[in-house]
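Just so we're aligned, residue 2 is where the sequence shown starts under the numbering used here, counting upward by one. Glycine included, every Cβ here is placed at the ideal spot set by N, Cα and C. Everything numeric in this text was worked out from a predicted model, so none of it was measured.
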Amino acid sequence: MTVAFALPTASIDALTVTPPPAATTAAQLARRGQIHQTAQKFEASFLTSMLQTMFQGVSTAPPFGGGPGEDMWKSFLAEAMAKNMAARGGIGVSSAVEREMLKLQGLTEGAPS
2 MTVAFALPTA SIDALTVTPP PAATTAAQLA RRGQIHQTAQ KFEASFLTSM LQTMFQGVST
62 APPFGGGPGE DMWKSFLAEA MAKNMAARGG IGVSSAVERE MLKLQGLTEG APS
């Protein structure tokens, strides 16, 4: 006994992934790279503000915390954490900013950056 299965071609075509259009010039590739870096820096700045606000209410008991320098070092810690978070994908702010910046530059979304 032989059993045959037929799949509608429309459902298979819907699953086909088309590759993104490639940038045609080195200038476009360079512009995409700059846009990506700018969006990532923007997200890191946003995350720094969020983390600094979060750390305002946190105090550390002596002998490991306190003192006049603690607030200054907290800002450095917040900035380093934010840069690391943004470099690892962040919370999605950079992708939205990058998408809008690409639109403003007349570049299509999805080409390699």
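Q: Just the C-alpha distance for K75 and A27, rounded to the nearest angstrom, thanks.
A: The alpha-carbon atoms of K75 and A27 are separated by roughly 41 Å.
Q. Around the C-beta of S50, are 16 or more other C-beta atoms found within 10 angstroms, so that it is buried, or is it exposed?
A. Classification of S50: exposed, given that the 10 Å Cβ count is below 16.
Q. Counting along the chain, where does the alpha helix (DSSP H) carrying S50 start and finish?
A. Run containing S50: A27 to F56, per the alpha helix (DSSP H) assignment.
(Q) For D72 and E101, what's the separation of their Cα atoms in angstroms? (A) Each residue's Cα considered, the two are about 35 Å apart.
Q: In the DSSP assignment, find the unbroken alpha helix (DSSP H) run with R100 in it and report its ends.
A: Its alpha helix (DSSP H) spans residues V94 to Q106.
Q.
Short of 7 Å in beta carbon distance, which residues of its chain neighbour A87, apart from the five on each side in sequence? Order them along the chain.
A. Around A87, the same chain offers Q41, E44, A45, L48 and S95 as residues with beta carbons nearer than 7 Å, after the five sequence neighbours per side are excluded.
Q: Quick one: using the 10 Å Cβ neighbour count with 16 as the cut-off for buried, is K104 buried or exposed?
A: With fewer than 16 other Cβ atoms within 10 Å, it is exposed.
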